[in-house]
Each structure stands twice: as structure tokens, then as C-alpha cells.
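Peer 1:
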Amino acid sequence: MLLNSRFPRRRRNSDQCRTNLESEPPEGLQVSSNAKVRTSMIESQQLKQRGEPSFAWVLMCASVYVLSGVTQPILMSYAKQKGLADPKCQLYMSYLYVSSEIISCGSQLFYFTGPALVAFTLRCRSRNYSSGKRNGDGSNYTGASYGATSILLQSKKSNAALDDDPRGSKEVDDAIYYDYEEDYDDDGERLWPPRPLLIKASAIAVFDIFAQSMVYTGNNLAGPTIFSIIYSSVTIWAAIYSKFLLSRSLSKLQWSGVTLVVLGLSLTAVDSLALGKNVFLGACLIVVGTSFHGLTYVFSEKIMTDIKNESISPLTISLMNTALTSTDADCINNKRAQMRRETSRLQRQRHHEIISVRANCAIQGLVATAVLLVWQLIYTIPQIQPLIFIPMSKSQTSPLHALLILSAIAISNLFHSITFFVTLKHLAGGATSAGVLKGLQAILVFCASSVFLCGRWDGGREMCWSASKLVSLAVVLCGIALYTRGMYGMTRKKKMDDVEIMCV
4 MLLNSRFPRR RRNSDQCRTN LESEPPEGLQ VSSNAKVRTS MIESQQLKQR
54 GEPSFAWVLM CASVYVLSGV TQPILMSYAK QKGLADPKCQ LYMSYLYVSS
104 EIISCGSQLF YFTGPALVAF TLRCRSRNYS SGKRNGDGSN YTGASYGATS
154 ILLQSKKSNA ALDDDPRGSK EVDDAIYYDY EEDYDDDGER LWPPRPLLIK
204 ASAIAVFDIF AQSMVYTGNN LAGPTIFSII YSSVTIWAAI YSKFLLSRSL
254 SKLQWSGVTL VVLGLSLTAV DSLALGKNVF LGACLIVVGT SFHGLTYVFS
304 EKIMTDIKNE SISPLTISLM NTALTSTDAD CINNKRAQMR RETSRLQRQR
354 HHEIISVRAN CAIQGLVATA VLLVWQLIYT IPQIQPLIFI PMSKSQTSPL
404 HALLILSAIA ISNLFHSITF FVTLKHLAGG ATSAGVLKGL QAILVFCASS
454 VFLCGRWDGG REMCWSASKL VSLAVVLCGI ALYTRGMYGM TRKKKMDDVE
504 IMCV
């Protein structure tokens, strides 16, 4: 009877210590035989407790990312027609595929003002934020990160003890429980990151300004046709850099999809290939700039998702095994104290290694806005009459109309930037998936330009619809379908390889 009453309690404890890990179990821990069956059942619970968005939300953000990117060249072209664009004022070119002369100093400043507004949603970090958290009952806990999951090491007091337990009532009262919980809570999304991450995000923004300047300087030399062909390779560059910097493996099906996307974008230039002056130099600048821009994708993903300690340290594993198998009270208490110190260290390191989507978007927007603001003060304001006011007067654009156009550009890029970082962090494939979406965006820009720019707003013949663009659209869509299929296959295999650890 005593045995029967003891087993249910031990089973409940083991149910609480069950966790789903994303890699092979550490040596020395017992593996459940029905782990694969329970994986799908606990996945939704883990997402909810970690505060991660659902797949439907991530897919919607990816769609907004593409559509907002399509509206930007239309808005920029409209700004040019209204006298708000002068190529001499621009420092940093945006992700557009229509022309290198449609973005003005004023519109670019407003372009980055949108992402910079996210900074108003952030608050300062308290000094003791990363020192640990407390439960409602006053007990302390710390989280040890293992992949995408945390094993919570928590000390609680039970109301009753089993007198017949071989380890005694004190050890049972102080039993160690494990639960699913993310040690990086939702409040981290609304906090300014530590100084090291501020420096990293700012450096990425400055690096991307340099990359885009090279890309669009080459665009001025080689022309938009060659630019569109080479710039489409950002997908390939992102995939290559992801493989080396993020240790991300791509299946053959995914590589086939990436290749088809680049091939499809290349077909768009078949009927409008034009060679200009200094084409070779311009093409070289576009290649280097596109490569650097793809690298910024990977850098941004890395500072938002990278965790150096992606597995439980050997010390923590040893302490867990000793505390769970020992019958000596002093040994258990000592090992538990060591586990708290070890997991507290991992938790503090985790807080200092990851930047939130909001903070990354805000910092990069603020840095770009600051750089462009300095350019306006140095170059544009002394020449504002010939660069801005006279073109506006010729186009009969009122100040209110100009403000509405620039505000629309800022709002469009606000949604584009936020959804870009959400896509990088949460969409499977990260930077490579964002690059593929950028390819889809390029095709949709060609389609939109044929409707809004062909024969309008000084649009040339290269902006009109053609049979090659129809073939290109079909090829790109097939490439995206192949890549998505390969991504789904890898995600499914990863879930089937997940194991469940039973802390008994």
C-alpha cells in the first residue's frame, strides 16, 4: 500500500521534469520511450509559455514584409514626380528595384524615421533585471537554456512529506521541480539592450549604409537592368553566410529553390539588357555591395537568436544527476546550490547575448536617421531652395501634400522593418528565408511597376509587362515553393529527432 501511494507522487514529479530538447539527450539521463508521441502535444504549450508567436502570425508578418516592400518603390516614384527627389541629396539607398534616382534626401530621412519611432516603445533596463526573478510565493528560480527550451531549476516547499521515503522528509520537502518556462520573458522585448548589443546593432546599421551606398553607386554606373540581376543574388549570399556563420544546413531541395529564384530574377532582364558606361566597375560594386547586404541579414539574425550556451553544460548535467540520485541531505543541498549558481550564470549570459526585435529595429532606424540627418544639415539645408522648393513649385506640390507623401513612406518602412526582423528571428530559415522573400518582392515590384509606372510618371519601356517577366514570375514562384517544401521537410525531421528527457 505504501508503494502504491508513493509511485503516483513520483510520477507527478517526473511529469513536471519532462522537457522537450532540440538535440540528442545528454549522456547519463534516461530517455523516454514515447518522446516522439508527446512532442506534438507539448509544442503548443511550450510556445505559449515562452511567449513565441504562432506560425500564422509569423506568416502574416512575412506577407506584410513583402507587400510593404512592394509599395515603397511606388511611393518613391510618386515622391519623385512631386519634386521631392533629388539624387544629389541621397546617401543611403533603400531596397528598391525600379531606379536609382527616385529617392530623395528628404524621403530617405522619413524612410528611416518609421523604424526609429519604435524606440519610443522601449524602456530602460533595471540594474537587477538579469540577476534572476522571483515567484509569487517568494521562491527563487533560474533558467538554464537548452536549445529553444529552458529547464527550470526551482526550489519549493511541499505541504506534506512522505515518512517512508528513504531520503527522509526534509529532502522530499525540498524536492527539485522542473518545468517549461522561458527565462527571457516578454518584457525583454520592451527593454533597451545592454551596451555591447547596442554597439553591435549600431555597427550593423553603419555597415549596411556602406553596403547600400556601394550597391546604388554601381547601379548608377551599370544601370537598373544589370543591378536587378546581380542584386537578386542577395538570397544566395544570405544562404552562404548563414551556413558559415550560423552553422545552418540547407537541403538539396532548398538549394534548388534558391537557384531557381535567382534564375527567375535574371530572366527579367532578357528583353531590356542595356550596357552603360563603366559597366564593369558598376557591376563589381553591385556584387560586393550585394554580398555585404546579405551579410547584414545574417548579422541581424545572429544578434537576435545566437546563444553560445545552446546546451546544458557538463557541470550542470553532473550536478543534476548527483542531486537526483543521492540520498544524502547535505549532498543534495550543496549540489542544488551549485546548480543555482551555474544556471544563474547561464541566464545572465543569455540576457546579454540576445537583442529583441523591437530594440534591433529601433537602433538601426535611429542610427540611419542620425546619419541622414547629419547629411541634411551639411548638404541639403544650405541648398534647399534649388534642391527641394523649386522642384516642388514646378510640380505644384503643396507642403501638406509633401508631408503626406513622406509620412506614407515612413509608415510603409515602419511595417517593413518590424516585419523584417520578426521574419529573421522567427521564420524557419532566418536570413535565407528573408532573402527568398526579397526575391518574391522583386518580382511583385516588376508587376506593380508595369501597372503604375508603364507610360506614367516618366516610366520607360523597361517598366512595362513582357513575356519574359511572366516566365520569370513562374520560375520564382516555383523556386519559392521548392524552398518552402525543403524548409518544411527539415522542420518536420527536426521535430521527429527531438527527444524528451525524464528527470527520474
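Going by our numbering, the first residue of the sequence shown is number 4, and it counts up by one from there. Virtual Cβ for every residue (Gly too), placed ideally from N, Cα, C. All figures in this text were calculated on a predicted structure; none of them were measured in a lab.
Going by DSSP in three states, Thr400 sits in which element: helix, strand or coil?
Peer 2: Within the sequence shown, numbered from 1, the residue matching residue 400 stands at position 397. Looking at Thr400 - three-state DSSP - the assignment turns out to be coil, as it is neither helix nor strand.
Peer 1: Indicate the three-state DSSP secondary structure (helix, strand or coil) for Gly442 in the structure shown.
Peer 2: Start at 1 with the first residue of the sequence shown, and residue 442 comes out as number 439. DSSP places Gly442 in helix when its eight states are reduced to three.
Peer 1: Could you tell me the boundaries of the alpha helix (DSSP H) in which Leu288 lies?
Peer 2: Start at 1 with the first residue of the sequence shown, and residue 288 comes out as number 285. Where Leu288 is concerned, the enclosing alpha helix (DSSP H) stretches over 282-308.
Peer 1: Would you grab the beta carbon distance between Val301 and Ser245 for me? Rounded to a whole angstrom, and I think it's under 8 angstroms.
Peer 2: As a working mapping, residue 301 is identified with position 298 in the sequence shown. As a working mapping, residue 245 is identified with position 242 in the sequence shown. Right, their Cβ atoms sit about 5 angstroms apart.
Peer 1: Quick check on Gly433: does DSSP put it in helix, strand or coil?
Peer 2: Counted from its first residue, the sequence shown places residue 433 at position 430. Of the three classes helix, strand and coil, the one that applies to Gly433 here is coil, per DSSP.
Peer 1: So for Met96, helix, strand or coil by DSSP?
Peer 2: Translated into positions along the sequence shown, residue 96 becomes position 93. Residue confidence is low: Met96 scores 38 on pLDDT, short of 50, so the model does not pin down where it sits. Its coordinate-derived value is still stated next. In this structure, Met96 counts as coil in the three-state DSSP scheme.
Peer 1: Please work out which residues of its chain come closer than 7 angstroms, Cβ to Cβ, to Arg488, disregarding the five sequence neighbours upstream and downstream, and give them in chain order.
Peer 2: Numbered from its first residue, the sequence shown carries residue 488 at position 485. These residues qualify, in order along the chain: Leu256.
Peer 1: Rounded to whole angstroms, what's the CA-CA distance from Leu480 to Thr293? Just pull it up for me.
Peer 2: What you label residue 480 is simply residue 477 of the sequence shown in a count that begins at 1. What you label residue 293 is simply residue 290 of the sequence shown in a count that begins at 1. Rounded to the nearest angstrom, the two C-alpha atoms are 22 angstroms apart.
Peer 1: Could you give the DSSP three-state label for Lys85: helix, strand or coil?
Peer 2: Translated into positions along the sequence shown, residue 85 becomes position 82. Of the three classes helix, strand and coil, the one that applies to Lys85 here is coil, per DSSP.
Peer 1: Using a threshold of 8 angstroms, state whether the C-beta atoms of Pro199 and Ser452 are closer than that.
Peer 2: By one-based count along the sequence shown, residue 199 stands at place 196. By one-based count along the sequence shown, residue 452 stands at place 449. No, Cβ-Cβ distance for Pro199 and Ser452 is not below 8 angstroms.
Peer 1: Considering only the alpha carbon of each residue, which of Met63, Gly433, Leu70 lies closest to Ser415?
Peer 2: Taking the first residue of the sequence shown as 1, we reach residue 415 at position 412. It is Leu70.
Peer 1: Rounded to whole angstroms, what is the Cα-Cα separation between Met79 and Ile412?
Peer 2: Taking the sequence shown and counting its residues from 1, one reaches residue 79 at position 76. Taking the sequence shown and counting its residues from 1, one reaches residue 412 at position 409. Each residue's Cα considered, the two are about 8 angstroms apart.
Peer 1: Compute the Euclidean distance between the alpha carbons of Gly433 and Thr426, then round it to the nearest angstrom.
Peer 2: Position 430 of the sequence shown, counting from 1, holds the residue named residue 433. Position 423 of the sequence shown, counting from 1, holds the residue named residue 426. Answer to the nearest angstrom: the Cα atoms are 7 angstroms apart.
Peer 1: Please list, in chain order, all residues of the same chain as Gly86 whose beta carbon is under 7 angstroms from its beta carbon, the five residues on each side excluded.
Peer 2: Residue 86 sits at position 83 when you count from the first residue of the sequence shown. These residues qualify, in order along the chain: Pro394, Met395, Lys397, Ser398, Thr400.
Peer 1: Can you list, in chain order, the residues of its chain with a C-beta nearer than 8 angstroms to that of Ala484? Leave out the 5 residues immediately preceding and following it.
Peer 2: In the sequence shown, counting from the first residue as 1, residue 484 sits at position 481. Excluding sequence neighbours, Ala484 sits near Gly260.
Peer 1: Roughly how many angstroms separate the alpha carbons of Ala206 and Asn363, rounded to a whole number?
Peer 2: As a first step, residue 206 is located in the sequence shown; it is residue number 203 there, counting from the start. As a first step, residue 363 is located in the sequence shown; it is residue number 360 there, counting from the start. Straight-line Cα distance between these residues: approximately 11 angstroms.
Peer 1: By a C-beta neighbour count over all protein chains shown, 10 Å radius and 16 as the cutoff for buried, is Gln444 buried or exposed?
Peer 2: As a first step, residue 444 is located in the sequence shown; it is residue number 441 there, counting from the start. The residue in question, Gln444, is buried, as its Cβ has 16 or more Cβ neighbours within 10 Å.
Peer 1: Just to confirm, is the Cβ distance from Leu263 to Val474 under 8 angstroms?
Peer 2: Sequence index remark: in the sequence shown, residue 263 carries index 260 (1-based). Sequence index remark: in the sequence shown, residue 474 carries index 471 (1-based). No, the Cβ-Cβ distance between Leu263 and Val474 is not below 8 angstroms.
Peer 1: State the Cα-Cα distance for the pair Thr383 and Ala431, rounded to the nearest angstrom.
Peer 2: Position 380 of the sequence shown, counted from the start, is the residue given in the question as residue 383. Position 428 of the sequence shown, counted from the start, is the residue given in the question as residue 431. Straight-line Cα distance between these residues: approximately 42 angstroms.
Peer 1: For Ala204 and Ile243, I'd like the C-alpha separation in whole angstroms.
Peer 2: As a first step, residue 204 must be located in the sequence shown, where it is residue number 201. As a first step, residue 243 must be located in the sequence shown, where it is residue number 240. C-alpha separation (whole angstroms): 21 angstroms.
Peer 1: If you drop the 5 nearest sequence neighbours on each side, which residues of the same chain put their C-beta closer than 6 angstroms to that of Ala208?
Peer 2: Position 205 of the sequence shown, counting from 1, holds the residue named residue 208. Closer than 6 angstroms at Cβ, skipping near neighbours: Gln367, Val370, Ala371.
Peer 1: Work out the CA separation of Arg251 and Asp166 for me, nearest whole Å.
Peer 2: As a working mapping, residue 166 is identified with position 163 in the sequence shown. As a working mapping, residue 251 is identified with position 248 in the sequence shown. Since pLDDT at Asp166 reaches only 43, below the 50 mark, its modelled position is unreliable, and the value read off the structure follows with that caveat. The straight-line gap from Cα to Cα measures roughly 52 angstroms.
Peer 1: Compare the beta carbon distance of Phe210 and Phe295 with 8 angstroms and say whether it is the shorter of the two.
Peer 2: Position 207 of the sequence shown holds residue 210. Position 292 of the sequence shown holds residue 295. Closer than 8 angstroms, so yes.
Peer 1: Do you know whose CA, among Tyr486, Ala214, Leu417, Val73, lies nearest Cys287's CA?
Peer 2: On the sequence shown, position 284 is the one that residue 287 refers to. Answer by Cα proximity: Ala214.
Peer 1: Rounded to whole angstroms, what's the CA-CA distance from Arg353 to His429? Just pull it up for me.
Peer 2: Indexing the sequence shown from 1 puts residue 353 at position 350. Indexing the sequence shown from 1 puts residue 429 at position 426. Low confidence applies here, because Arg353 scores a pLDDT of 48, under 50, leaving its location unreliable; read the following figure in that light. Near 17 angstroms, if we compare the C-alpha coordinates of His429 and Arg353.
Peer 1: What does the alpha-carbon distance come out to for the pair Gly72 and Gln388?
Peer 2: Here residue 72 corresponds to residue number 69 of the sequence shown, with the count starting at 1. Here residue 388 corresponds to residue number 385 of the sequence shown, with the count starting at 1. Going by the C-alpha atoms only, they are around 31 angstroms apart.
Peer 1: With DSSP run on the structure shown, which of helix, strand or coil describes Trp60?
Peer 2: Reading the sequence shown from its first residue, position 57 is the one you call residue 60. DSSP places Trp60 in helix when its eight states are reduced to three.
Peer 1: Which of the three DSSP states is assigned to Cys457 in this structure?
Peer 2: Taking the first residue of the sequence shown as position 1, residue 457 is located at position 454. Three-state result, Cys457: coil.
Peer 1: Can you give me the Cβ contacts of Met307 inside the same chain, cut-off strictly under 8 angstroms, excluding the 5 residues immediately before and after it?
Peer 2: By 1-based counting over the sequence shown, the position of residue 307 is 304. For Met307, where only same-chain residues beyond five positions count, the Cβ hits under 8 angstroms are Ile357, Ile358, Ser359, Val360, Asn363, Phe424, Leu427, Lys428.
Peer 1: In this structure, how does DSSP classify Trp240 when only helix, strand and coil are distinguished?
Peer 2: Here residue 240 corresponds to residue number 237 of the sequence shown, with the count starting at 1. Three-state result, Trp240: helix.
Peer 1: Check Ile358 in the structure and name its three-state DSSP category.
Peer 2: For the purposes of this step, residue 358 is taken as the residue at position 355 of the sequence shown. In this structure, Ile358 counts as coil in the three-state DSSP scheme.
Peer 1: Tell me which same chain residues have a C-beta within less than 7 angstroms of the C-beta of Gly297, skipping the five on either side of it?
Peer 2: Numbered from its first residue, the sequence shown carries residue 297 at position 294. Val237, Trp240, Ala241, Tyr244, Gly438, listed in sequence order.
Peer 1: In chain order, what residues of the same chain lie with their CB nearer than 7 angstroms to the CB of Tyr68, ignoring the 5 residues before and after it?
Peer 2: Indexing the sequence shown from 1 puts residue 68 at position 65. Excluding positions up to five away in sequence, the list reads His419, Thr422, Phe423, Thr426, Leu440.
Peer 1: Let's test the definition: count the other Cβ atoms within 10 Å of the Cβ of Val265 and tell me whether it reaches 16, buried, or not, exposed.
Peer 2: As a working mapping, residue 265 is identified with position 262 in the sequence shown. The residue in question, Val265, is buried, as its Cβ has 16 or more Cβ neighbours within 10 Å.
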